[in-house]
Structures are given as structure tokens and as C-alpha cells.
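To keep things clear, I will list the structure first and then write my remarks on it.
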């Protein structure tokens, strides 16, 4: 039996920094960039003598990194021991394996527990694969002398080998870091592995994820278990309790998110201090998770575009640290900035929800407006429009733009006050130029900001013009688009289907 599960990467459109503290909300969009986990047995049969074994074999393969690790899992204490070279450790997957086995023992009845032990004795063969979109191939494209366009990205084979950031690893002992595009690869990977293992063990049934309202309650309970285990494994692997928006969107898809109280995971932190893992996971599953999420997606006929300026990634933890330091040093000013930023975030969300409502209630007028605005610069959107409903739609579009400009302004002020480049000057020029293009509704820096990436929300068919303009500004437009679908069960190994996000979004002549 083989189980394949996938989970999406994300873009945090609003809520950078604020989302770390309750009750601030953020809008997080899930994308068509997906991480896949394939789980199958190592041994076809359980040998009669193996019931006396104290260890289970686990093999973890990451083809894109050309890495393979072998582990032994203690069936008594669920300790995981790496028996191959220790250079290739993956704490996210290691925690996911231990937590999923513990969840099986905590939740399953006697018969299913016996089946779980049999599966463990057969060994676990786990393969992880991330869509190309999670990684930066900019250097390879430039090295081959190809143009900085999505077409060049689309020409790469699916699940291409990954290059490392460091050209030379100093003295051979520093671990080079994989260059990434900031889509939350560790959260998507952890979620995909957790979902695949929990389904494989029979703790959840993801094959029924459906639109059927009678089934949705059960689906939701299963997804909640995936969420709790993935969130715990991810936090412990990171060594800190983050806001969790990246794992939440990997499980449930695009959403409006308010974080859980960090105390929810004090049980998981206790595990590190020696409490038996089964009890810990039992506690985590019974905790009152108080995060809040409501479904969200971009209004119809709008596209998310991501661009990679290619100035080297910024380190989010150090930027968050600088903002926290500033909050302590200047509580009055920082509180005021955060309040204004929260208001602007909320205003943008309100306007986007209003556009979705207008689209539902006045589709023809909405479609006509979006089509017209997609060919014009924003200052011309209102020209010659007389119908009240069309005026109302355009006013809402313009209010959304204003809210985005306010968000950017407060984020810049916060960066200047904290001494970090949240929206550096090079990004400001690029974003201003982007927001002035035909058919562009919004542009900004996602998440914590920095030099990593920029995003734009475009109207109608205008995204191809933005892509071309970005290319001339030395920005590589990625193939990523919004896709509100969260975790899902796949019908087979994605390599056999040559799955690639390129196919759906780029037409190559």
C-alpha cells in the first residue's frame, strides 16, 4: 500500500509581524506550489521473528537534495536514531514521524493498534518532493543565458535538483543553505508528511475530503488532527512556537487567520523534558486550540503574482527579533504603528470581501469593470463610467489600493524605526512602478518583507504584461498562483504524472 499526500505553500498577504500576537489577524493565501510525501512499506511481509524486534526501520529519501537517511525507531520509547551520516538530518520530518506514531497509539482502538504495529515492523519508506516553485532557480537560468521569464522556469523538469546558496562551503564543514522563494517549504513539507503518515496509519481518513455537507464535520475533525500534529512537530523542530499561519494554510488552504495561544504547545515542549511522547500527544490532541480561521480567497478574475528580485533572501528570525526589540524600547510609538497597521490590514480585507460580494450579486457589471480596468492605469479606471453599480465596484477597487498603500507606509515606518529593511528602497521603487501598471490592483512585500520576494494582485488578463515589465526590471516572475485548496490525498507518485505548476499557468509556444 502506498499513500501520497500533498500540502500547499503560502503567501502572507497582510499581517506581517502583527500575526505573531493575538488578536491580530492576517490574510494568508495558499498556492499551487505543493510539497508531496510518499509513504510505503520497506518490507512487503512481516517476518515471524520480527514481532520480537524492538526497532522499526525508517528510510527517508529527498531526491532533489540527493539525500537518503536511514533511521531506527524504538518501538518502546519512540526515540528515533539516525544510522546513516548525520549530515542529512531533517528535524521536521523526524518530529513528524515520532508524533504521528504517538498519535496512532493515543487514538486507535486495540485492533487498529495491532495493525499499526504491523505497519511499523514492515518499515516506513518515506519520500519527500517539493515543487520547483519552493526553490530559487534564478542562478541556473542566468548561468544558462536564458531570459528571466516564467517560460524559462517552465522549461525546467519537475522536481529539479536544488542548488545551494553558498558557492563554496567554508572549510567544507559549513552546511550550505538551499536558496528558497519564501513559500513556507518547511511547513508544507511537515504537513504533507504528517497527513500521509496519519492516513497510512488509519488515524485519519483523507480520502473522503469532500464537498458533501454531511461529511464535512468528519473531514474537519480529521483535518484538525493533521493540523495539531503538524503544528506541534513544526514548532518543536524550529525550536520555537511561531504564529503557525504557514502550517494552518498548508492544512486548510487560504484563510483569514488569528494565531493560537503559545501555551497550547507547552505539552509538546514538556516532551523535550522527558514526558512519554504518547501522553504528550494525547494532551496536545485534547488541548483547547484557540486559533481562529475563516475561509478567504481573492475575488474572482484576480490573480496573485510573485516575483523574485534576486537580491538574496533575508533572514526572518533576525528581522522579527529587531521588531520585538523596538517594541520594548519604544512601546508608545510601536503600539501606535501596530494599531494603524492593523486597521489598514482590516480595511484591505473588508474591501476584498466586498468585491467578492459585488461579483456574486452583480456578475455582469463586475466582469465588465474588471475587464476594462485590466487595460488601464489605475488613475484612468473611473473615466467615463456612469452606471452607479460600476462606480461602486471601481470605488471599492480604489479603496483596496489605498488600504495597501497605507499598509506599505506603516510597514516601512516600522522597518525604519527597528533598523531593518522591511520594504527596502529597491523594493519601494519596484512596487511603486508595479502599482502604476495597467491592471494592477495591489503590490507589496509578503510576510516579514525584506529582499526575498514581491507580490502583485492583477485584474483580468493583465498579469502577462506585469511579468514582461518585471523581467525588464531584472525580476523573475514565478509560476506560483493562488489555489485555495489545503492538504489533499493524491492518486499516485507525482513524478509519474510529471506534475508541475508550470503546465496550468504558462503557455509555451
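Numbering (UniProt numbering), first residue to last: 1 to 509.
Ideal Cβ positions, reconstructed from N, Cα and C, are used throughout, including at glycine.
Could you pull the DSSP bridge partners for residue i from this structure?
i           : result
residue 482 : 31
residue 67  : 62
residue 55  : 74
residue 98  : Answer by DSSP bridge pairing: none, since residue 98 is not bridged.
residue 393 : Answer is none; residue 393 lacks a bridge partner.
residue 293 : 257
residue 125 : 40, 59
residue 308 : 476
residue 455 : 306, 444
residue 130 : 35
residue 3   : 39
residue 490 : 4
residue 180 : 135
Between residue i and residue j, what straight-line distance do the alpha-carbon atoms span, to the nearest angstrom?
i           : j           : result
residue 410 : residue 222 : 39 Å
residue 209 : residue 486 : 10 Å
residue 120 : residue 57  : 8 Å
residue 355 : residue 433 : 24 Å
residue 26  : residue 12  : 7 Å
residue 327 : residue 153 : 41 Å
residue 253 : residue 203 : 21 Å
residue 83  : residue 89  : 11 Å
residue 187 : residue 94  : 13 Å
residue 330 : residue 365 : 48 Å
residue 383 : residue 394 : 10 Å
residue 480 : residue 304 : 8 Å
residue 335 : residue 115 : 54 Å
residue 396 : residue 298 : 14 Å
residue 156 : residue 146 : 11 Å
residue 350 : residue 295 : 13 Å
residue 368 : residue 353 : 19 Å
residue 347 : residue 207 : 38 Å
residue 43  : residue 235 : 32 Å
residue 361 : residue 494 : 39 Å
residue 363 : residue 233 : 44 Å
residue 482 : residue 1   : 32 Å
residue 125 : residue 283 : 28 Å
residue 466 : residue 22  : 36 Å
Sorted by chain position, which residues of the same chain lie with C-beta nearer than 6 Å to residue i's C-beta, five sequence neighbours on each side aside?
i           : result
residue 377 : 438
residue 243 : 19, 20, 259
residue 264 : 287, 289
residue 3   : 39, 196, 199, 200
residue 148 : 471, 476
residue 237 : 91, 92, 95
residue 323 : 17, 418
Ordered along the chain, which non-local residues of its own chain (more than five positions away) have a Cβ less than 8 Å from that of residue i?
i          : result
residue 45 : 122
residue 78 : 98, 101, 102, 277, 278
residue 15 : 24, 25, 26, 27, 28, 245, 257, 345
Please work out which residues of its chain come closer than 7 Å, Cβ to Cβ, to residue i, disregarding the five sequence neighbours upstream and downstream, and give them in chain order.
i           : result
residue 461 : 374
residue 55  : 72, 73, 74, 75
residue 231 : 244, 247
Quick one: grab the DSSP three-state call for residue i.
i           : result
residue 162 : coil
residue 138 : helix
residue 26  : strand
residue 82  : strand
residue 92  : helix
residue 500 : Residue placement at residue 500 is flagged as unreliable, the pLDDT there being 44, under the threshold of 50; a coordinate-derived value is accordingly withheld.
residue 262 : helix
residue 172 : Since pLDDT at residue 172 reaches only 43, below the 50 mark, its modelled position is unreliable, and the value read off the structure follows with that caveat. Note: residue 172 maps to helix in three-state DSSP.
residue 10  : strand
residue 362 : coil
residue 205 : coil
residue 191 : helix
residue 280 : helix
residue 334 : helix
residue 423 : coil
residue 466 : helix
Taking only heavy atoms of the ligand NAD into account, decide whether any of them is closer than 7 Å to the Cβ of residue i.
i           : result
residue 134 : The ligand NAD is not among the ligands present in this structure, which contains no ligands whatsoever.
Checking 8 Å against the spacing of the C-beta atoms, do residue i and residue j come in under that value?
i           : j           : result
residue 513 : residue 184 : Nothing about residue 513 can be read from this structure; the chain reaches only from 1 to 509.
residue 370 : residue 301 : yes
residue 65  : residue 141 : no
residue 285 : residue 225 : yes
residue 469 : residue 454 : no
residue 105 : residue 112 : no
residue 180 : residue 135 : yes
residue 227 : residue 193 : no
residue 403 : residue 441 : no
residue 61  : residue 127 : yes
residue 182 : residue 446 : yes
I want to see whether chain D comes within less than 8 Å of residue i, judged by CB atoms only; does it?
i           : result
residue 117 : Protein chains in the displayed structure number just one, and chain D is not present.
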